[in-house]
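Student: First to last, the protein sequences are chains A and B. Quick note on this note's numbering: the first sequence kicks off at 1 and runs consecutively. Quick note on this note's numbering: the second sequence kicks off at 477 and runs consecutively. Think of the CB as a built atom: it goes at the ideal place given N, C-alpha and C, for glycine as much as any other residue. Below you will find the structure I want to go over with you.
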Amino acid sequence: MPQQSPSDSTLFEKVWQRHLVREESAETPAILYIDLHLLHEVTTPQAFAELKKRGLSVRRPDRCLATIDHSTPTSAPDAEGRHHYVTEQARDQVETVQRNCAKHGIVLHGWDSPNRGIIHVMGPELGATQPGMTIVCGDSHTSTHGAFGALAFGIGTTEVGHVLASQCLLQSKPNTLGIRIEGELAPGVTAKDVILHIIGTIGVDGGTGSVIEYYGSTVRAMDMDSRMTLCNMSIECGARAGMVAPDEVTFDYLAGRPLSPQGEAWDTAVADWKTLKTDAGATYGAQVDIDATAIRPSVTYGTHPGMVVAVDEAIPSGDTNESIAAALEYMGFKAGQTLADESVDVVFIGSCTNSRLSDLRAAAGIMKNRKVAHGLRALVVPGSEEVRRAAEADGLDRIFIDAGAQWREPGCSMCIGMNGDIAAPGELVVSTSNRNFKGRQGPLSRTILASPLTAAACAITGRVSSAQQFLEAGSD
Amino acid sequence: MTEQANNLNTEFRSRTYNIPLDNIDTDQIIPAQFLTTTNREGLGEFCFYAWRFNEDGTAKENNPLRDHHPDRQQVLVVGSNFGCGSSREHAPWALLDYGIRAVISSRFADIFCNNSLKNGLIPVTVEEQLVEYLHAHPDSAVRIDIARRQLTVENYGTIQFPLDAFSAFCLTRGIDQLDFILQNEQEISAHEQKYNK
Ligand code: SF4
Numbered sequence: 001m002p003q004q005s006p007s008d009s010t011l012f013e014k015v016w017q018r019h020l021v022r023e024e025s026a027e028t029p030a031i032l033y034i035d036l037h038l039l040h041e042v043t044t045p046q047a048f049a050e051l052k053k054r055g056l057s058v059r060r061p062d063r064c065l066a067t068i069d070h071s072t073p074t075s076a077p078d079a080e081g082r083h084h085y086v087t088e089q090a091r092d093q094v095e096t097v098q099r100n101c102a103k104h105g106i107v108l109h110g111w112d113s114p115n116r117g118i119i120h121v122m123g124p125e126l127g128a129t130q131p132g133m134t135i136v137c138g139d140s141h142t143s144t145h146g147a148f149g150a151l152a153f154g155i156g157t158t159e160v161g162h163v164l165a166s167q168c169l170l171q172s173k174p175n176t177l178g179i180r181i182e183g184e185l186a187p188g189v190t191a192k193d194v195i196l197h198i199i200g201t202i203g204v205d206g207g208t209g210s211v212i213e214y215y216g217s218t219v220r221a222m223d224m225d226s227r228m229t230l231c232n233m234s235i236e237c238g239a240r241a242g243m244v245a246p247d248e249v250t251f252d253y254l255a256g257r258p259l260s261p262q263g264e265a266w267d268t269a270v271a272d273w274k275t276l277k278t279d280a281g282a283t284y285g286a287q288v289d290i291d292a293t294a295i296r297p298s299v300t301y302g303t304h305p306g307m308v309v310a311v312d313e314a315i316p317s318g319d320t321n322e323s324i325a326a327a328l329e330y331m332g333f334k335a336g337q338t339l340a341d342e343s344v345d346v347v348f349i350g351s352c353t354n355s356r357l358s359d360l361r362a363a364a365g366i367m368k369n370r371k372v373a374h375g376l377r378a379l380v381v382p383g384s385e386e387v388r389r390a391a392e393a394d395g396l397d398r399i400f401i402d403a404g405a406q407w408r409e410p411g412c413s414m415c416i417g418m419n420g421d422i423a424a425p426g427e428l429v430v431s432t433s434n435r436n437f438k439g440r441q442g443p444l445s446r447t448i449l450a451s452p453l454t455a456a457a458c459a460i461t462g463r464v465s466s467a468q469q470f471l472e473a474g475s476d
Numbered sequence: 477m478t479e480q481a482n483n484l485n486t487e488f489r490s491r492t493y494n495i496p497l498d499n500i501d502t503d504q505i506i507p508a509q510f511l512t513t514t515n516r517e518g519l520g521e522f523c524f525y526a527w528r529f530n531e532d533g534t535a536k537e538n539n540p541l542r543d544h545h546p547d548r549q550q551v552l553v554v555g556s557n558f559g560c561g562s563s564r565e566h567a568p569w570a571l572l573d574y575g576i577r578a579v580i581s582s583r584f585a586d587i588f589c590n591n592s593l594k595n596g597l598i599p600v601t602v603e604e605q606l607v608e609y610l611h612a613h614p615d616s617a618v619r620i621d622i623a624r625r626q627l628t629v630e631n632y633g634t635i636q637f638p639l640d641a642f643s644a645f646c647l648t649r650g651i652d653q654l655d656f657i658l659q660n661e662q663e664i665s666a667h668e669q670k671y672n673k
């Protein structure tokens with residue numbers, strides 16, 4: 001064991017320390033400065049209303065960035081350019097955030113922006129997300145941005161108001177959890193399978209109160225899209241945030257993005273970012289080791305993201321407690337069965353977990369020159385306008401459409417089903433999103449979480465199946 | 477002062493109501509279809525909606541809340557990891573509007589806990605053993621003393637529960653957290669200057 005010197009610290013501690021406006025005391029939590037505040041229509045209206053009520057202004061509109069993604073329709077606008085919202089209330093919510101941002105001078109990427117997208121897809125694409133930052137959003141999947149070595153976490157609406165007014169947040173210092181992932185992933189195993197496997201291993205409360213740092217050879221070998229998928233679901237094991245130390249992969253991704261530092265400022269920034277790593281002598285509050293070589297394509301079988309099996313593995317029987325029994329009853333599955341014979345009604349490829357270009361490429365590789373199973377509905381929803389453009393330039397839209405899938409406008413869509421993109425009661429959805437809670441994708445809908453490869457394979461076979469057979473056959 | 481002043485309470489008495497399920501997520505507490513609101517009032521109607529109502533709006537038979545009397549059972553006893561999932565503050569808003577003042581569990585999800593305390597809903601974390609006792613003794617009389625961080629259960633006794641000092645301070649005195657942050661204006665400006673922000 002290397003000796004820990006007092007100056008040795010973890011990545012999290014370095015970022016935390018740099019943002020302390022006021023230290024934590026016995027009576028009061030720390031006051032933490034927030035570098036970037038992301039906003040969307042769902043969790044902000046009541047915060048702006050509170051500011052108005054108190055006569056407060058937004059302290060740093062230049063540190064805010066907004067979009068519309070949750071309540072927005074993913075159907076194409078009509079000939080007059082009108083968008084068809086699911087309800088007038090949804091339209092009102094979108095118009096409210098637009099009004100609030102205009103009033104306070106906050107940049108919002110709305111319908112007319114070439115950058116609009118799911119907030120956690122858009123921020124990194126613009127280069128707004130940078131190593132060493134503190135980033136918050138009234139949205140639990142803010143953890144996504146931790147992939148860049150930022151401390152990024154979700155907050156509630158009252159706290160959105162705090163950050164708007166003060167650019168600060170009250171925080172008690174979280175614990176740290178180191179998750180070391182070592183080894184090469186088998187072909188067809190993706191970052192999504194890794195994070196499902198981790199949540200299945202440590203449980204949905206395994207990270208409660210902690211900031212996770214993912215490290216090890218498997219993480220180093222991942223591209224930024226994969227690291228984002230990994231950090232995205234940190235909240236699904238209860239963690240406050242997930243982080244990956246920035247490296248050349250991170251810098252290559254950020255170089256030249258619209259909001260990235262340019263010229264000399266870039267060199268200064270990179271030199272600083274290189275210091276953002278856990279020192280050899282530093283230790284985490286807790287530590288878990290994951291053998292990546294043992295991970296297989298994984299899916300959920302229950303009603304929370306910790307109920308995970310390999311695609312071809314049987315649902316565990318034995319220690320079924322009340323919650324598992326209730327979950328299986330809801331899903332219509334039995335302990336001991338495999339999912340292979342379950343027929344799938346809907347496949348959803350999208351969400352801030354898996355809607356980036358590499359995700360769509362993976363799915364298209366499986367769907368190319370094949371057809372979606374008869375009677376199955378497949379939705380492919382790019383995470384942003386930028387992803388959409390890149391995918392269309394690549395011809396991926398044609399591959400999906402020719403296969404019989406729907407190619408839709410960017411947004412959260414069926415991940416949460418707020419915009420009317422929902423599954424019918426009882427329908428079984430294989431989804432690349434992050435939550436399989438009861439009714440998450442529509443009242444009484446049933447969700448199986450999976451990677452884009454697995455989801456695409458399910459779309460073709462109409463059953464819960466792995467992509468292995470197609471990967472071996474090749475896609476051409 | 478805002479919200480919290482109205483919810484100002486240092487102690488209260490109630491009876492308990494059990495929902496003995498683990499991992500009750502905020503999608504259950506308030507489903508996404510009700511999140512398009514731009515207000516925070518009146519969400520109690522939608523609290524645990526999918527448990528209480530069928531698709532067509534008729535009452536459900538197998539509803540875990542069917543015997544609940546929110547007028548006198550203002551304390552919910554639930555399984556572990558309550559409030560996991562989405563960060564929506566609509567969850568505590570809905571619970572409060574539905575009539576709940578405190579929730580007892582062996583473990584709460586982080587953001588839910590935070591959101592609750594900011595709205596005057598008390599998350600009471602206790603040993604698994606006490607949760608089991610309460611499940612075995614439905615409709616128990618309890619007293620929650622926020623200032624002392626004490627939970628008293630009839631025929632069981634009084635235990636301490638954790639509540640960070642600052643939340644307890646704010647809750648019992650009606651101190652507003654944003655006002656507290658804004659009192660540090662000098663330090664905030666100094667930080668911005670130091671780091672060239
Ligand atoms: S895609 Fe899903 S998880 Fe991500 S921000 Fe949208 S609703 Fe939330």
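1. Applying a beta-carbon distance threshold of less than 9 Å, which residues of chain B neighbour Tyr33 of chain A?
2. Tell me the rounded alpha-carbon separation between Ser355 of chain A and Ile620 of chain B.
3. Which runs of the alpha helix (DSSP H) fall wholly inside the segment 197-264 of chain A and span at least 4 residues, in chain order?
4. List, in chain order, every chain A residue whose beta-carbon is nearer than 8 Å to that of Pro496 of chain B.
5. Flag this pair as touching only if the segment 456-474 of chain A and the segment 595-611 of chain B have three or more C-beta atom pairs under 8 Å; answer yes or no.
6. Could you check the C-alpha separation between Gly426 of chain A and Leu647 of chain B for me, to the nearest Å?
7. Run the CB neighbour count on Pro45 of chain A, radius 10 Å, all protein chains shown included, and call it buried at 16 or more, exposed below.
8. Grab me the residues of Lys438 of chain A's own chain with a C-beta within less than 7 Å of its C-beta, minus the 5 sequence neighbours each way, in chain order.
9. Express the C-alpha separation of Gly206 of chain A and Asp640 of chain B in angstroms, rounding to a whole number.
10. Less than 9 Å separating the beta-carbons of Lys479 of chain A and Leu11 of chain A?
11. Please return the same chain residues whose Cβ sits closer than 7 Å to the Cβ of Glu159 of chain A, not counting the five positions on each side in sequence.
12. Strictly under 9 Å for the Cβ-Cβ distance: is His145 of chain A near chain B by that measure?
13. Where does Asp289 of chain A land, buried or exposed, given buried means 16+ other C-beta within 10 angstroms?
14. Kindly examine ligand 1 and report whether one of its heavy atoms sits closer than 8 Å to the Cβ of Cys415 of chain A.
15. Output needed for Leu541 of chain B: all residues of its chain with C-beta closer than 7 Å, excluding positions within five of it in sequence on either side, in chain order.
16. Are the C-beta of Gln262 of chain A and some C-beta of chain B separated by less than 9 Å?
17. I'd like to know whether the C-beta of Asn660 of chain B is nearer than 9 Å to at least one C-beta of chain A.
18. What residue range does the alpha helix (DSSP H) around Leu161 of chain A cover?
19. Short of 7 Å in beta carbon distance, which residues of its chain neighbour Arg496 of chain B, apart from the five on each side in sequence? Order them along the chain.
20. With DSSP run on the structure shown, which of helix, strand or coil describes Gly285 of chain A?
21. Return yes when the C-beta of His566 of chain B is under 8 Å from any heavy atom of ligand 1, and no when it is not.
22. Extract the residue ranges of the alpha helix (DSSP H) inside the segment 581-648 of chain B, only unbroken runs of 4 or more that lie entirely within it.
23. With a threshold of 9 Å between beta-carbons, can Gly123 of chain A be considered close to chain B, or not?
24. Which ranges would you report for the alpha helix (DSSP H) in the segment 514-583 of chain B if only whole runs of at least 4 residues count?
25. For His544 of chain A, write down the residues that DSSP places opposite it in a beta bridge.
26. Is Arg63 of chain A close to chain B? Criterion is C-beta to C-beta, closer than 9 Å.
27. Taking 9 Å as the cut-off, decide whether the C-beta atoms of Phe510 of chain B and His566 of chain B are in contact.
28. Shorter than 8 Å, the distance from the beta carbon of Gly350 of chain A to the closest heavy atom of ligand 1, or not?
29. Does any residue of chain B have a CB that is nearer than 9 Å to the CB of Val107 of chain A?
30. Using a Cβ cut-off of 8 Å, which residues of the segment 623-645 of chain B contact any Cβ in chain A, in chain order?
31. With respect to 8 Å, is the separation between the Cβ of His613 of chain B and the closest non-hydrogen atom of ligand 1 below this value?
Tutor: Reading off the structure:
1. Ile664, His667, Glu668, Tyr671 and Lys673
2. 46 Å
3. 217-220, 224-232 and 248-254
4. Glu322
5. no
6. 43 Å
7. buried
8. Thr303 and Tyr330
9. 22 Å
10. The structure shown does not extend to residue 479 of chain A, since chain A is modelled only from 1 through 476, so no value can be given for it.
11. Leu169
12. no
13. exposed
14. yes
15. Phe524, Trp527 and Arg528
16. no
17. yes
18. It should be pointed out that residue 161 of chain A corresponds to Gly in this sequence rather than to Leu. From DSSP, the alpha helix (DSSP H) with Gly161 of chain A extends over Thr157 to Ser166.
19. Before going further, note that residue 496 of chain B is Pro rather than Arg in the sequence given. For Pro496 of chain B, where only same-chain residues beyond five positions count, the Cβ hits under 7 Å are Gly555 and His611.
20. coil
21. no
22. 586-593 and 604-612
23. no
24. 525-528 and 566-574
25. Residue coverage of chain A in this structure runs from 1 to 476, which leaves residue 544 of chain A outside it and unanswerable.
26. yes
27. yes
28. yes
29. no
30. Asp640, Ala641, Phe642 and Phe645
31. no
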